[in-house]
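Residue numbers (this note's numbering), protein chains in the order written: chain F, 1 to 315; chain G, 316 to 630; chain H, 631 to 945. We put the CB at the ideal spot given by N, CA and C, even for glycine. Fair warning: this is a prediction, and the values are worked out from it, not measured in the lab.
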Amino acid sequence: MDRLSATLIAEQALVDIAAALGATLDGTSEVRITNLCTLEPGEEGGLSFLAQGSYAKHLCECKATAVIVNQRQERPEGFEGTLLRVNNPYEAWSKALDLFGQHVCWGSAAIDPTATIHPSVQLAPGVTIGAGVEIGAGTVLHPGVTIYPHSIIGENCILHAGVVIGADGFGFAPPSKAQDGLQKIKHIGHVILGNHVEIGANSCVDRAVVGATIIGLGTKLDNLCQIGHNVQIGMHCVLAGQVGIAGSASVGNGVQIGGQVGIAGHIHIGDGVRIGAQSGVHKNIEAGKTIMGSPAVEASVFRRKFAASNMKPRS
Amino acid sequence: MDRLSATLIAEQALVDIAAALGATLDGTSEVRITNLCTLEPGEEGGLSFLAQGSYAKHLCECKATAVIVNQRQERPEGFEGTLLRVNNPYEAWSKALDLFGQHVCWGSAAIDPTATIHPSVQLAPGVTIGAGVEIGAGTVLHPGVTIYPHSIIGENCILHAGVVIGADGFGFAPPSKAQDGLQKIKHIGHVILGNHVEIGANSCVDRAVVGATIIGLGTKLDNLCQIGHNVQIGMHCVLAGQVGIAGSASVGNGVQIGGQVGIAGHIHIGDGVRIGAQSGVHKNIEAGKTIMGSPAVEASVFRRKFAASNMKPRS
Amino acid sequence: MDRLSATLIAEQALVDIAAALGATLDGTSEVRITNLCTLEPGEEGGLSFLAQGSYAKHLCECKATAVIVNQRQERPEGFEGTLLRVNNPYEAWSKALDLFGQHVCWGSAAIDPTATIHPSVQLAPGVTIGAGVEIGAGTVLHPGVTIYPHSIIGENCILHAGVVIGADGFGFAPPSKAQDGLQKIKHIGHVILGNHVEIGANSCVDRAVVGATIIGLGTKLDNLCQIGHNVQIGMHCVLAGQVGIAGSASVGNGVQIGGQVGIAGHIHIGDGVRIGAQSGVHKNIEAGKTIMGSPAVEASVFRRKFAASNMKPRS
């Protein structure tokens, strides 16, 4: 996927990276790293990280060339890459991001000269577009829209006033010593919006840590929605106002999400799911289900519970 | 109401409109349509639409000259206008909006020369004001406020930084063929803010499909509120932060709404109602009630339920 | 605290203030007021107000020189200042704010010449900075950020696109006569952000009525958060997206708050508390607790209740 190469900075020898991170190598050291990547699926030449044991299952099938892990992590069957063992994987990942990092600098121009903007794009007053951004034909950017560097916006999209695409996701490494404070995890990924995507006023779509936060073809977001880093949303979904989706959640195609819904990080919402307003979704949802409540349950269960709770207590 | 004439584009013969929509006429065809209008109450010369059977009750008293309906809709007693029968009322309505439509184009100026702004209005840096906007005496617009075309802002209003007035409401017609994707419903209505309205930072008030989204005299909104298309809010209401009101809901006078409350579309909240923080309101509420919870119930019921749920289960 | 002196306008004789407010004096009248202040702890030379009986307990230890109270308020033991008795304390306070008030006027410049901005600060396009603002070394302001007058931003802060610091808090006095409408309470306080604070895109931090809204060293806010007037947040806290904290709440150090949480006004959240996503917190929480639900309860209680509610009703 050529367009993503904007996030590729340079290749580095794994032994140099390990030295910089204070990591011990478990596996081949004679390889070069060309990019940072996510654990699932990972990629040839990529460096990823595993911070919490609950994601260890993804390691078996991970295609990354190397993965940062903690000292106690066992080598899983099926994983052929190199493990970089460290005391604090979050902190090491943060340093790795520095090694491959980009610096957001807006300069003084509202439209960075390195951005690639189709001549048919409509740019309202107050729009700011960062370095390396690409915007497809027929897209409309309303006043005050901000597109952070390296975001990719499809064709015939509409971004309403105040929309922010590609701000840093919300990720911080706990410090080794408490007094040092939280350590910001650099976000060198970006955002990809498919064609015919519409984003409501003052909504935000955060850039990925690595890789991309993706919103699929034809999906529509209402105002004041929050889409976290590395979220993947499929095609033709509808998100009503003030919905929030936490980092690394994935949403299938044709999903309908009511107003003020919250979706937890790292879960999957299947195709065609319908979620009632104000629901809180904390686990995977199978395709085709209709759910509501916080925590969300199937609609029939929710209605029974609500009816039961309205009965007078038996005396 | 003369000021609303900004949304009137041109009059067209009903037979021409029917031909453009592929509709069959049931009733007089020898009339001209001067405007699009809402079903309730409708207006002489207006064209409206009925998509869902549950709104059919409004058709009896609708004063519109013509209404788009589906093929199976019976002619209700009392309605004297013409029915335009189509296979997909949403799609036909979307085309009708095109026929009467306006195109949002910001040009390069931050203040459109066709806007009517009282000389006493204070405009901070970064404000963008679209075509045909009217702003009354003494109003203050803080930095980065965006006023979409044809919005009407009263006197002595305060719009805090980042407020967006008049962005398109969130409405899409399901496609006839799934692969075509959702079809955007044009919003040719506008927003009217009464005098002494205050809107908190980064809040959004969407324009109406047709007619107006209205916020009444002296009503105050806190930050990050979302007001959907065609919502009507009365006088002297108070909406705390992050409240969301879905399309076509109406709120009476003197209503107090706590933070993060969600109000469903097409319902009515009576005068003087008080709604506890984080409530979800899904049905009409009588004047004077105090409600809380999601779904919201009367406060006394909510407190009893919460107390009961805290009791240990009987073993 | 010298930097706060920006809010000090002039000193006035208490008798003149009392006359302007229509107040009767209970206590020494031969004093001068140099500032407005909060009730707790209050300060020498300060004028404060007590509107609701439930805060009367703070009056005993209040160090303010004078306090506006209603006609029935008893003089508490321990309070040595002067009481100013009025019929409507909210209205009188609003007038007092006028007497000491400032007028927000942006002028035509995006950066007010009276602002003190360290040369290392990065200012993106579309940033607006009001009078008297101070911004420390190494801080980055992304596009469209608005800093209202007299805000103080620490060193090495990151404010993402569309952030609004220092907009008026949400406070209105009920009118003496209903037809007069709500009376805006002037906010002459400001906002202080400590060093290493990061604020997510389109989040809002309101200015204080008097004194300051404070966010402590190293605290991180995600996108679309709402922080009300006079809120105090400690050090190294993490607030996920769309969190709302109502006026005068205080949050300790190292607190972790999940997405879409709401925290009521005037309550205290102890150090190290963890709050589950979508919780609604309406009362003080002791240090170290983990809570969830709306209304929030301890996590273990919440889980038991949710499990119980999923059981089939006994027949």
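Less than 7 Å between C-beta atoms, sequence neighbours within five positions excluded: which residues of the same chain meet that for residue i?
| i | result |
| --- | --- |
| Lys378 (chain G) | Pro356, Gly357, Glu358, Glu359 |
| Ala335 (chain G) | Lys410, Leu414 |
| Glu91 (chain F) | Ala173, Ser176, Gln183 |
| Phe302 (chain F) | Met292, Gly293 |
| Glu641 (chain H) | Arg662, Ile663, Thr664 |
Is residue i helix, strand or coil when you go by DSSP?
| i | result |
| --- | --- |
| Asn385 (chain G) | strand |
| Phe617 (chain G) | helix |
| Glu665 (chain H) | In the sequence under discussion, the amino acid at residue 665 (chain H) is Asn, which differs from the Glu named in the question. Asn665 (chain H) falls in the strand class under three-state DSSP. |
| Ser108 (chain F) | Any reading at Ser108 (chain F) must be qualified, since the residue scores a pLDDT of 49, below 50, and its modelled position is unreliable; the value itself is stated next. The answer is coil: DSSP assigns Ser108 (chain F) none of H, G, I, E or B. |
| Ser309 (chain F) | helix |
| His688 (chain H) | helix |
| Gln732 (chain H) | Because the pLDDT of Gln732 (chain H) is 48, which lies under 50, any placement of that residue in the model is unreliable, and the number read from its coordinates should be weighed accordingly. Three-state DSSP puts Gln732 (chain H) in coil, outside helix and strand. |
| Asp26 (chain F) | strand |
| Ser466 (chain G) | coil |
| Glu91 (chain F) | helix |
| Val927 (chain H) | strand |
| Ile647 (chain H) | helix |
| Glu326 (chain G) | coil |
| Ala803 (chain H) | strand |
| Gln809 (chain H) | helix |
| Ala870 (chain H) | coil |
| Ile527 (chain G) | The question names Ile, but residue 527 (chain G) is Ala in the sequence shown. Strand. |
| Leu677 (chain H) | strand |
What does residue i reach in chain G if we use C-beta pairs closer than 8 Å?
| i | result |
| --- | --- |
| Asn223 (chain F) | Val479, Ala482, Phe485, Cys519, Asp521, Gln541 |
Show which residues of chain G have a CB atom less than 7 Å away from the CB atom of residue i.
| i | result |
| --- | --- |
| Ser309 (chain F) | Lys620 |
| Gly910 (chain H) | Ala592, Gln593 |
| Ala201 (chain F) | Val479, Ala482, Cys519 |
What does a CB cutoff of less than 6 Å around residue i pick up in its chain, not counting 5 residues either side in sequence?
| i | result |
| --- | --- |
| Ala328 (chain G) | Arg347 |
| Leu536 (chain G) | Ile514, Gly515, Ser518, Leu554 |
| Ser120 (chain F) | Ala137, Gly138 |
| Gly441 (chain G) | Pro458, Gly459 |
| Thr920 (chain H) | Arg904, Ala929 |
| Thr758 (chain H) | Ala740, Thr776 |
| Gly218 (chain F) | His196, Met235, His236 |
| Leu438 (chain G) | Leu456 |
| His898 (chain H) | Ser880, Asn914 |
What's the call for residue i, buried or exposed, on a 16-neighbour Cβ count within 10 Å?
| i | result |
| --- | --- |
| Val15 (chain F) | exposed |
| Arg715 (chain H) | buried |
| Gly393 (chain G) | exposed |
| Gln908 (chain H) | buried |
| Ala894 (chain H) | buried |
| Arg387 (chain G) | exposed |
| Cys375 (chain G) | exposed |
| Pro89 (chain F) | buried |
| Thr528 (chain G) | buried |
| His866 (chain H) | buried |
| Pro925 (chain H) | buried |
Quick one: what's got a C-beta closer than 8 Å to residue i's C-beta in the same chain, skipping five residues either side?
| i | result |
| --- | --- |
| His118 (chain F) | Ile135, Gly136, Ala137, Gly138, Thr139, Glu155 |
| Asn223 (chain F) | His160, Gly200, Ala201, Asn202, Ser203, Gly241, Gln242 |
| Ser344 (chain G) | Leu329, Val330, Ala333, Thr397 |
Find the residues of chain H that neighbour residue i, judging by a C-beta separation of less than 7 Å, and give them in chain order.
| i | result |
| --- | --- |
| Ala430 (chain G) | Within chain H, no residue comes near Ala430 (chain G); the closest Cβ sits about 18 Å away, beyond 7 Å. |
| Pro149 (chain F) | Chain H residues near Pro149 (chain F): none, gap ~11 Å exceeds 7 Å. |
| Ala264 (chain F) | Ala907 |
Note down, in chain order, every chain C residue with its Cβ under 7 Å from the Cβ of residue i.
| i | result |
| --- | --- |
| Gly533 (chain G) | Looking at the structure shown, chain C is missing, and the protein chains on hand are F, G and H. |
List the residues of chain H that residue i touches, going by C-beta distances under 9 Å, in chain order.
| i | result |
| --- | --- |
| Val553 (chain G) | Phe800, Phe802, Leu812 |
| Gln242 (chain F) | Leu854, Gln872, Gln890 |
Residues of chain F with a CB under 8 Å from the CB of residue i: which are they?
| i | result |
| --- | --- |
| Ser609 (chain G) | Gln278, Ser294 |
Closer than 7 Å by beta-carbon distance: list the chain F residues that pair up with residue i, in chain order.
| i | result |
| --- | --- |
| Ala791 (chain H) | Thr146, Val164, Ala167 |
What does residue i reach in chain H if we use C-beta pairs closer than 8 Å?
| i | result |
| --- | --- |
| His511 (chain G) | Gly811 |
Closer than 8 Å is the cut-off here; do at least three beta carbon pairs connect the stretch 542-551 of chain G with the stretch 817-828 of chain H? no
Between the stretch 174-183 of chain F and the stretch 481-497 of chain G, can you find at least three pairs of beta-carbon atoms closer than 8 Å? no
Between the stretch 265-274 of chain F and the stretch 570-577 of chain G, are three or more C-beta pairs nearer than 8 Å? no
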